[in-house]
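Under this note's numbering, the first residue of the sequence shown carries the number 10, and numbering increases by one thereafter.
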Amino acid sequence: MPAHRAQKSASPAAAAPVFAALGDATRLGILLRLREDGPLSTTRLTANIRISRQAVTKHLETLEKARLLSSRHEGRERVWTLEAGRLKDAQAYIEQISGQWDQAIGRLRAFVERP
10 MPAHRAQKSA
20 SPAAAAPVFA
30 ALGDATRLGI
40 LLRLREDGPL
50 STTRLTANIR
60 ISRQAVTKHL
70 ETLEKARLLS
80 SRHEGRERVW
90 TLEAGRLKDA
100 QAYIEQISGQ
110 WDQAIGRLRA
120 FVERP
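If you want it as structure tokens, here you go:
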């Protein structure tokens with residue numbers, strides 16, 4: 010990914026809601042399910058999850074608020090879609106931090122190994 014892209018999308022304020030939303034095993038499972046099975050209705054998403062439909066709905070709303078999911082109504086059902094671009098933004102932020110750490114370690118190594 011180009012450096013300008015990582016710097017542009019890698020602000021802590023923008024990344025924080027994404028990482029907060031990703032910090033729950035149930036929400037991660039929902040994201041993985043949507044990645045594998047494509048857009049799914051709330052009914053299909055709750056079919057194999059061992060928590061109440063209301064709890065799943067709260068998780069879905071948290072993911073939607075973090076813009077990791079989008080939803081649309083199809084008749085009486087609400088259909089959820091993964092927004093992979095937000096995951097790429099989070100990846101860019103991690104890559105930016107990783108690059109900063111690599112640079113800091115390089116400076117430390119140069120300082121320690123200097124004759």
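Backbone N, C-alpha and C fix where the C-beta goes; we use that ideal spot for every residue, glycine too.
Check whether E92 and S107 have beta carbons under 8 Å apart
Translated into positions along the sequence shown, residue 92 becomes position 83. Translated into positions along the sequence shown, residue 107 becomes position 98. The criterion of a C-beta distance shorter than 8 Å is not satisfied by E92 and S107.
Hey, quick one: how far does the alpha helix (DSSP H) through S107 stretch, first residue to last?
For the purposes of this step, residue 107 is taken as residue 98 along the sequence shown, with counting starting at 1. From DSSP, the alpha helix (DSSP H) with S107 extends over 93-122.
Can you give the Cα-Cα distance for W110 and R76, rounded to whole angstroms?
Counted from its first residue, the sequence shown places residue 110 at position 101. Counted from its first residue, the sequence shown places residue 76 at position 67. Taking the straight line from one Cα to the other gives about 28 Å.
Considering only the alpha carbon of each residue, which of F28, L69, S20 lies closest to Q35?
In the sequence shown, the residue the question calls residue 35 occupies position 26. Before going further, note that residue 35 is Thr rather than Gln in the sequence given. Looking from the CA of T35, the closest CA among F28, L69, S20 belongs to L69.
Taking 8 Å as the cut-off, decide whether the C-beta atoms of K74 and P26 are in contact.
Translated into the one-based positions of the sequence shown, residue 74 becomes position 65. Translated into the one-based positions of the sequence shown, residue 26 becomes position 17. Yes, Cβ-Cβ distance for K74 and P26 is below 8 Å.
Completely contained beta strand (DSSP E) runs for the region 20-102, where each covers 3 or more residues
78-83, 86-91
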